[in-house]
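Protein sequence lines, in the order shown, are assigned to chains X and F.
Numbered according to full-length UniProt numbering, the first sequence spans residues 1 to 361.
Numbered according to full-length UniProt numbering, the second sequence spans residues 1 to 387.
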Amino acid sequence: MSEIKPEDPATAELSAEEKDWAAAKAFFDSLKTKVPRPPKPRNAVTIAVSSRTLFNMVAERKIYEDDGLETYVGFQVKHEDEPLKPGPAFPFVKALMNVNSRLRELYPDSEELFDIVLMTNNHAEVGVRLINSINHYGLTIERFCMTGGESPIGYLKAYMTNLYLSKDSKKVIDAIEEGIAAATMFMSEKESNLSDTQLRVAFDGDAVLFSDESEIIVKQHGLDSFFEHEKMNENKPLAQGPLKCFLEALGKLQRKFYEKNERMNCPIRTFLVTARSAASSGARVLKTLRTWGLEIDEALFLAGAPKGPLLQKIRPHIFFDDQMHHIEGAKELGTISAHVPYGIGQKYHKGKLIEQPEKKE
Amino acid sequence: MVKMSLDPIQVMSGQVKELKVSPSSNGDTRGSWEEKEVFDPNQLDRTAKPKPVTGRRARKVEGGVFFPKPENAVTVAVSSRVLFRTEREQRVFEQKGVEEYLRYQIEHENEPFAPGPAFPFVKALETVNARLRDLYPQSEELFDIVLVTYNHAHVGIRLINTINHHNLFIERFCMTGGSSPIGYLKAWQTNLYLSADAEKVREALAEGIAAATMFFTDKITEVSESQLRVAFDGDAVLFSDESERIFKTHGLDKFFEHERENEDILLDHGPLKGFLEALGKLQKKFYAKGQRLDCPIRTYLVTARSAASSGIRALKTLRAWGLEIDEALFLAGAPKGPMLEKIRPHIYFDDQMFHVEGAAEMGTVAAHVPYGIAQKYSRQQNSSTGK
Chain X
1 MSEIKPEDPA TAELSAEEKD WAAAKAFFDS LKTKVPRPPK PRNAVTIAVS
51 SRTLFNMVAE RKIYEDDGLE TYVGFQVKHE DEPLKPGPAF PFVKALMNVN
101 SRLRELYPDS EELFDIVLMT NNHAEVGVRL INSINHYGLT IERFCMTGGE
151 SPIGYLKAYM TNLYLSKDSK KVIDAIEEGI AAATMFMSEK ESNLSDTQLR
201 VAFDGDAVLF SDESEIIVKQ HGLDSFFEHE KMNENKPLAQ GPLKCFLEAL
251 GKLQRKFYEK NERMNCPIRT FLVTARSAAS SGARVLKTLR TWGLEIDEAL
301 FLAGAPKGPL LQKIRPHIFF DDQMHHIEGA KELGTISAHV PYGIGQKYHK
351 GKLIEQPEKK E
Chain F
1 MVKMSLDPIQ VMSGQVKELK VSPSSNGDTR GSWEEKEVFD PNQLDRTAKP
51 KPVTGRRARK VEGGVFFPKP ENAVTVAVSS RVLFRTEREQ RVFEQKGVEE
101 YLRYQIEHEN EPFAPGPAFP FVKALETVNA RLRDLYPQSE ELFDIVLVTY
151 NHAHVGIRLI NTINHHNLFI ERFCMTGGSS PIGYLKAWQT NLYLSADAEK
201 VREALAEGIA AATMFFTDKI TEVSESQLRV AFDGDAVLFS DESERIFKTH
251 GLDKFFEHER ENEDILLDHG PLKGFLEALG KLQKKFYAKG QRLDCPIRTY
301 LVTARSAASS GIRALKTLRA WGLEIDEALF LAGAPKGPML EKIRPHIYFD
351 DQMFHVEGAA EMGTVAAHVP YGIAQKYSRQ QNSSTGK
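Spelled out as structure tokens, the structure:
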């Protein structure tokens with residue numbers, strides 16, 4: 001439903017055609033107001049998702065990889081009317097839309113909403129199938145970027161994207177380097193029961209919300225130096241990490257609910273799930289959040305305990321972490337997780353080195 | 001007038017005139033509630049050292065296990081209200097609401113709380129841990145204490161400061177910001193949950209987690225610093241409440257008959273049996289190293305049962321479960337208070353409020369286990385006669 005604004009006719013006289021046209025336009029205008037208009041990018045919290053995270057396109061991907069582009073496009077066009085199955089980001093997007101409807105109820109004229117953009121490498125021909133799928137599920141995704149093979153990074157910036165979710169870690173790394181919060185999504189095999197009414201987002205601490213300065217100390221100098229360092233610098237805020245701005249955006253929307261006395265019923269809930277220990281290194285984290293003016297609803301300091309079981313209880317729509325082995329642990333127990341490829345944690349992937357992050361705090 | 005939505009940045013920089021934050025009270029256990037000075041924001045950066053914290057980390061974490069995996073450790077979850085005394089803050093919360101409560105907590109952030117009813121218990125757990133680490137440096141079978149609280153993350157700083165002030169070692173936190181912590185208890189594989197809120201305790205018991213409600217008393221007797229002492233009631237705590245039912249419905253004689261007839265049939269297990277088992281497992285580790293006489297864990301059974309008439313079944317049941325109990329006191333109806341005063345346990349579990357109150361009067365830290373038929377009789381005082 002694009003806004004086609006016809007040019008005003010130059011002549012002042014209204015011929016029958018023009019009357020028809022004016023009538024049609026009026027009708028069209030009155031139609032449009034029933035569907036909410038997408039907000040302007042600078043006011044909204046823009047979330048860019050790729051088609052493979054929104055929908056489950058594993059089989060199609062296989063065709064693309066095995067048989068090449070032409071076959072893939074042909075296949076998609078042939079199955080245009082079959083909606084795709086939901087992907088890892090699907091529950092997340094649904095929850096965002098739910099928050100939007102709550103926000104519209106409380107603030108009918110505000111543009112501070114979530115705006116979802118589909119950012120995909122696919123060619124425009126595949127677009128029809130995507131649109132059909134989106135309509136099938138009743139999602140409100142009006143903005144599309146079908147780059148037909150080009151990198152989407154430039155478009156992300158143009159849309160003032162607050163968060164970019166993709167299955168392709170290369171694109172995610174590029175985005176993070178450009179300063180856009182981004183994460184690679186992973187689907188879990190197990191079904192989990194996610195809340196329909198409340199968006200739940202869980203974050204790791206170091207190298208996700210905060211920079212990886214502390215992780216570097218742990219990896220290079222060990223736990224004891226880490227504790228000492230944290231204690232000495234307790235009042236010095238940590239530097240910010242890639243997802244800090246997204247948490248900020250969530251907090252801004254949460255405050256809109258608090259102002260209308262909906263704190264107990266707020267449809268956004270944020271969680272900090274960190275392997276840090278509370279008494280030895282927790283104070284710095286909480287103080288940093290406070291200095292940034294950010295609130296977090298629930299804080300879990302694990303001191304090295306596995307994150308999987310707790311995430312299973314939290315049931316977030318998405319969990320951001322920088323270390324693959326936490327992501328894998330979460331996936332096993334049914335949590336939808338997203339990997340943030342940032343910081344020194346990326347270099348520790350094999351054998352004994354994996355043990356270290358567990359013992360970290 | 002302070003805005004409804006508290007702006008933490010304003011508080012921190014001292015721009016809000018009404019808020020006066022007192023200086024970090026290092027040495028006092030009771031924070032100075034009355035004297036307040038204007039908070040100087042410039043001091044903030046320079047206070048990198050004066051926190052009481054730096055002095056305490058004498059132990060090196062790398063040598064010895066300090067963060068056991070939940071499945072190996074005996075996890076004890078405590079709520080902030082039983083670990084510390086937070087009555088004043090509770091009142092602020094109840095009378096003035098959430099925002100005011102958060103503001104108050106942030107304002108008093110550097111004032112540590114006073115110890116609460118579970119505090120000596122937690123301290124004793126740490127003593128046991130230290131002994132275990134001496135004997136078994138690589139083992140993860142330790143006590144692990146998790147702080148589980150409804151509080152918001154804002155209050156976390158004050159809790160952390162207090163923990164460090166009292167030199168406790170509590171590294172795992174769950175600050176649920178208002179939602180129920182029961183789900184997290186299972187994820188932590190909690191062996192024991194202590195709270196001040198009877199509702200939460202009941203929920204936990206319903207989920208199969210050993211739990212008890214703790215109360216604060218004014219009079220507290222001194223407890224040992226080197227030995228953890230835990231006292232249990234028998235029926236409806238270690239054992240199920242089947243015998244209590246018979247007693248309550250049919251009277252004492254029937255009860256004795258029934259017990260004698262079923263002497264060899266084991267009693268069903270009660271909510272705290274699992275915790276006693278966990279204690280026993282750790283005790284055996286000391287025995288294995290020849291430290292039986294010097295064991296820093298000691299368990300007591302303090303039951304209103306009579307030994308000859310109904311005691312055998314209790315002892316046989318314990319034996320069949322493979323559980324040892326160090327001292328068994330059969331009171332045959334005598335009041336438990338004076339006995340407990342002599343035992344001086346760090347915690348005493350009972351299912352009947354009457355006994356819990358009696359113990360508290362004499363200075364014992366007692367925890368109520370809201371399980372079994374006795375909960376329906378709590379208003380009537382007929383539970384005073386012995387069994």
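Note that beta-carbon positions come from the ideal geometry of N, C-alpha and C, so glycine has one too.
Bear in mind the structure is a predicted one, so any value in this text is a computation, not a measurement.
**Request:** Assuming X:Arg269 contacts X:Arg200 (C-beta within less than 8 Å), just tell me the rounded distance between them.
**Result:** Looking up residue 269 of chain X in the first sequence gives position 269. Looking up residue 200 of chain X in the first sequence gives position 200. Going by Cβ atoms, the distance from X:Arg269 to X:Arg200 rounds to 5 Å, so yes, they are a contact pair.
**Message:** 8 Å is my cut-off, CB to CB: does F:Ala187 come that close to chain X?
**Reply:** The residue given as residue 187 of chain F occupies position 187 in the second sequence. At a cut-off of 8 Å between beta carbons, F:Ala187 contacts chain X.
**Asked** In three-state terms, what does DSSP make of F:Asp350?
**Response** Along the second sequence, read from residue 1 onward, the residue named residue 350 of chain F stands at position 350. Residue state, collapsed to three classes: strand.
**Prompt:** By DSSP, does X:Leu310 sit in helix, in strand, or in coil?
**Reply:** Indexing the first sequence from 1 puts residue 310 of chain X at position 310. Note: X:Leu310 maps to helix in three-state DSSP.
**Item:** Contiguous beta strand (DSSP E) assignments of at least 3 residues, all confined to the stretch 208 to 275 of chain X
**Value:** Taking only runs of at least 3 residues, the beta strand (DSSP E) segments lying wholly in the stretch 208 to 275 of chain X are 268 to 274.
**Cutoff 6 Å; reference X:Ala305; Cβ partners in own chain excluding five residues on either side** = Here residue 305 of chain X refers to the residue found at position 305 when the first sequence is read from its first residue. Answer for X:Ala305: no residue qualifies.
**Request:** Please report the residue range of the beta strand (DSSP E) in which X:Thr291 lies.
**Result:** Counted from its first residue, the first sequence places residue 291 of chain X at position 291. Per DSSP, X:Thr291 lies in no beta strand (DSSP E) segment; the continuous alpha helix (DSSP H) that holds it begins and ends at Ala283 to Thr291.
**Item:** X:Glu234, buried or exposed, once every other Cβ within 10 Å from all chains shown has been counted against 16
**Value:** Position 234 of the first sequence, counting from 1, holds the residue named residue 234 of chain X. Buried is the call here.
**Request:** Tell me whether F:Ala367 is buried or exposed, calling it buried when 16 or more other Cβ atoms sit within 10 Å of its Cβ.
**Result:** By one-based count along the second sequence, residue 367 of chain F stands at place 367. F:Ala367 should be labelled buried.
**Item:** Coarse secondary structure for F:Tyr300, derived from DSSP in three states
**Value:** On the second sequence, position 300 is the one that residue 300 of chain F refers to. Collapsing the DSSP output to three states places F:Tyr300 in a strand.
**Message:** Using 8 Å as the threshold, is the C-beta distance between X:Asp115 and X:Ala44 below it?
**Reply:** Along the first sequence, one-based indexing puts residue 115 of chain X at 115. Along the first sequence, one-based indexing puts residue 44 of chain X at 44. Pairing X:Asp115 with X:Ala44 gives a Cβ-Cβ distance under 8 Å.
**Prompt:** Residues in the stretch 182 to 193 of chain X with C-beta within 7 Å of chain F's C-beta atoms, listed in sequence order?
**Reply:** When CB distances to chain F are screened at a threshold of 7 Å, not a single residue of the stretch 182 to 193 of chain X falls below it.
**Message:** Among X:Gln76, X:Lys157 and X:Ile336, whose alpha-carbon lies nearest the alpha-carbon of residue 372 of chain X?
**Reply:** Only positions 1 to 361 of chain X appear in the structure, and residue 372 of chain X is not among them; the question remains open.
**Request:** Mark X:Gln76 as exposed unless 16 or more other C-beta atoms lie within 10 angstroms of its C-beta, in which case mark it buried.
**Result:** The residue you call residue 76 of chain X lines up with position 76 of the first sequence. X:Gln76 sits buried, since 16 or more C-beta atoms from the chains shown fall within 10 Å of its C-beta.
**Message:** Extract the residue ranges of the alpha helix (DSSP H) inside the stretch 132 to 211 of chain X, only unbroken runs of 4 or more that lie entirely within it.
**Reply:** Listed in chain order, the complete alpha helix (DSSP H) runs (minimum 4 residues) inside the stretch 132 to 211 of chain X are 153 to 158 and 169 to 177.
**Backbone secondary structure at X:Val77 - three-state DSSP** = In the first sequence, the residue the question calls residue 77 of chain X occupies position 77. Three-state DSSP puts X:Val77 in a helix.
**Request:** Could you give the DSSP three-state label for F:Thr149: helix, strand or coil?
**Result:** Looking up residue 149 of chain F in the second sequence gives position 149. Three-state result, F:Thr149: strand.
**Item:** Three-state class that DSSP yields for X:Thr53 in the structure shown
**Value:** Counted from its first residue, the first sequence places residue 53 of chain X at position 53. Helix at X:Thr53.
**Rounded straight-line distance, which links the Cα of F:Ile182 to that of F:Lys200** = Along the second sequence, read from residue 1 onward, the residue named residue 200 of chain F stands at position 200. Along the second sequence, read from residue 1 onward, the residue named residue 182 of chain F stands at position 182. In this model, F:Lys200 and F:Ile182 are separated by some 7 Å (Cα to Cα).
**Asked** Are residue 427 of chain F and F:Ser243 closer than 8 Å when you measure CB to CB?
**Response** In the structure as shown, chain F starts at 1 and stops at 387, and residue 427 of chain F therefore has no counterpart that could be examined.
**Request:** Determine whether the Cβ of X:Phe144 lies closer than 8 Å to any Cβ atom of chain F.
**Result:** Within the first sequence, numbered from 1, the residue matching residue 144 of chain X stands at position 144. No - not a single Cβ of chain F is within 8 Å of the one on X:Phe144.
**Request:** With a threshold of 16 other CB atoms inside 10 Å of the CB of X:Leu165, please say whether the residue is buried or exposed.
**Result:** For the purposes of this step, residue 165 of chain X is taken as the residue at position 165 of the first sequence. By the 10 Å Cβ count, X:Leu165 comes out buried.
**Asked** Interface residues of chain F around X:Gly334 at Cβ under 9 Å?
**Response** Here residue 334 of chain X refers to the residue found at position 334 when the first sequence is read from its first residue. Near X:Gly334 there are no residues of chain F at all, since even the closest Cβ is about 13 Å away, more than 9 Å.
**Request:** Under the assumption that X:Leu238 contacts X:Phe210 (Cβ atoms under 8 Å), give the Cβ distance between them as a whole number of angstroms.
**Result:** As a first step, residue 238 of chain X is located in the first sequence; it is residue number 238 there, counting from the start. As a first step, residue 210 of chain X is located in the first sequence; it is residue number 210 there, counting from the start. By a beta-carbon distance limit of 8 Å, X:Leu238 contacts X:Phe210. Their separation comes to about 4 Å.
**Prompt:** At a CB-CB cut-off below 7 Å, which residues of chain X make contact with F:Lys123?
**Reply:** Numbered from its first residue, the second sequence carries residue 123 of chain F at position 123. Against chain X, a Cβ distance below 7 Å from F:Lys123 picks out nothing, because the smallest value is about 14 Å.
**Request:** State the DSSP-derived secondary structure class of F:Val74, mapped to helix, strand or coil.
**Result:** In the second sequence, the residue the question calls residue 74 of chain F occupies position 74. F:Val74 falls in the strand class under three-state DSSP.
**Request:** Identify the continuous beta strand (DSSP E) that holds X:Phe301 and give its terminal residues.
**Result:** The count along the first sequence starts at 1 and reaches residue 301 of chain X at position 301. First-last of the beta strand (DSSP E) with X:Phe301: Glu298 to Phe301.
**Item:** Neighbour list for F:Tyr153 in chain X, Cβ cutoff strictly below 8 Å
**Value:** On the second sequence, residue 153 of chain F is found 153 positions in, with the first residue counted as 1. First, the amino acid is wrong: residue 153 of chain F is Ala here, not Tyr. Residues of chain X whose Cβ lies closer than 8 Å to the Cβ of F:Ala153 are, in chain order, Leu272, Leu286, Leu289, Glu295, Ile296, Asp297, Glu298 and Ala299.
**Message:** Please return the same chain residues whose Cβ sits closer than 6 Å to the Cβ of X:Phe144, not counting the five positions on each side in sequence.
**Reply:** Numbered from 1 along the first sequence, position 144 holds the residue referred to as residue 144 of chain X. Apart from sequence neighbours up to five positions away, the residues of its chain that approach X:Phe144 with a beta-carbon distance below 6 Å are Leu118, ordered along the chain.
**Prompt:** Interface residues of chain F around X:Leu54 at Cβ under 8 Å?
**Reply:** The sequence position of residue 54 of chain X within the first sequence is 54, counting from 1. Close to X:Leu54, with beta-carbon spacing below 8 Å, lies no residue of chain F; the smallest spacing is near 29 Å.
**Request:** Please classify F:Arg158: does DSSP put it in a helix, a strand, or coil?
**Result:** Taking the first residue of the second sequence as 1, we reach residue 158 of chain F at position 158. Note: F:Arg158 maps to helix in three-state DSSP.
**Asked** Just how far apart, CA to CA, sit X:Leu69 and X:Phe226?
**Response** Stepping through the first sequence from its first residue, residue 69 of chain X is reached at position 69. Stepping through the first sequence from its first residue, residue 226 of chain X is reached at position 226. Their Cα atoms are separated by approximately 50 Å.
**Asked** How about F:Arg305 and F:Gly234: are their beta carbons less than 8 Å apart?
**Response** Taking the first residue of the second sequence as position 1, residue 305 of chain F is located at position 305. Taking the first residue of the second sequence as position 1, residue 234 of chain F is located at position 234. Yes; because the gap between Cβ atoms is below 8 Å, this pair is in contact.
**Asked** The alpha helix (DSSP H) with X:Asp321 in it runs from where to where?
**Response** Residue numbering aside, residue 321 of chain X sits at position 321 when the first sequence is read from its first letter. The continuous stretches of alpha helix (DSSP H) do not include X:Asp321, which lies in the beta strand (DSSP E) extending over residues Ile318 to Asp321.
**Message:** Mapping the DSSP letters down to three states, classify F:Lys36 as helix, strand or coil.
**Reply:** Counting from 1 along the second sequence, the entry for residue 36 of chain F is found at position 36. With a pLDDT of 37 at F:Lys36, under the threshold of 50, the predicted position of this residue should be treated as unreliable, though the coordinate-derived value follows. The DSSP-derived three-state label of F:Lys36 is coil.
**Request:** Anything in chain F within Cβ reach of X:Gln220, meaning under 9 Å, just list it in chain order.
**Result:** For this step, residue 220 of chain X is matched to residue 220 along the first sequence. In chain order: nothing, as chain F lies at least about 14 Å away.
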